[in-house]
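Going by our numbering, the letters in the sequence shown line up with residues 6 to 198, in that order. Notes for the one structure printed next.
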Amino acid sequence: MRTNTATRTYALPSITFQSAAAALAVVAAVALPQIFHVAGATLGLGAALGQTLLPMHLPVLLVGLLAGPYAGVATGALAPIVSFALTGMPMAPMVPFMVIELAAYGLFAGLLRGVALPESIPSPLAWLVKLFGAQVAGRVVDAIAIAVAVYLLGNAQMSVASVGAAIVTGLPGLILQWIAIPVVMFAVDRKRG
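Written as structure tokens, this is what we have:
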């Protein structure tokens, strides 16, 4: 059903499309951090560029919005595991937390993709609202996972405060996502329209 691009609701694409989108997004989620790490090393920034620009998050959120919750959660869960297996990054203690966080991003982006917003909200802003909702939900899930690890499992290497620190460190990456993803989704809307 379509009334305009802001209130358009989306049926899930075919299983073939979802599978292909998830596979491509996993490749991008593994390759982009490597590109950022090489660029960071070249610029003398080390791994800081990846922590700042959050390159693994971008394809996970995008595939959730494009292909739905199944592709989003699969990409989010697989990307850190595949990346660790192929590159040794993220570091082993971080892999379970990144799997949880990125799977949550993909799931919530996929669930929010079909939420109809009021007609008065232009399409790019509607996608930004959905993206922001997925980002907040993913961070909440991440904070809960870290809290469980710290308070119930006694993980002394983690801290719930690390969620806030990660948001501050990753603010440039969040801004990049707030610009790039709504632009891509608006372009997709126009092409579908």
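Just so you know, even glycine gets a beta-carbon here, dropped at the ideal spot from N, CA and C.
Taking all protein chains in view, the Cβ of glutamate 106 is crowded by 16 or more other Cβ atoms within 10 Å, so the residue is classified as buried. Distance between alanine 82 and leucine 58, taken at the CA atoms: about 20 Å. Valine 31 has its alpha-carbon roughly 8 Å from the corresponding atom of valine 87.
Residue environment for methionine 96: exposed (fewer than 16 other C-beta atoms within 10 angstroms of its C-beta).
Alanine 34 places its beta carbon less than 8 Å from that of threonine 80. Taking one beta carbon from each stretch, the segment 158-170 and the segment 117-136 have fewer than 3 pairs nearer than 8 Å; the two do not touch. When rounded, the separation of the alpha-carbon atoms in proline 85 and tyrosine 75 is 17 Å. Boundaries of the alpha helix (DSSP H) harbouring glycine 143: 128-152, taken from the DSSP string.
In this structure, the CA atom of proline 60 is about 7 Å from the CA atom of phenylalanine 41. In the three-state DSSP reduction, leucine 37 falls in the helix class (H, G or I). Within the model, the alpha-carbon separation for arginine 197 versus glycine 178 is close to 28 Å.
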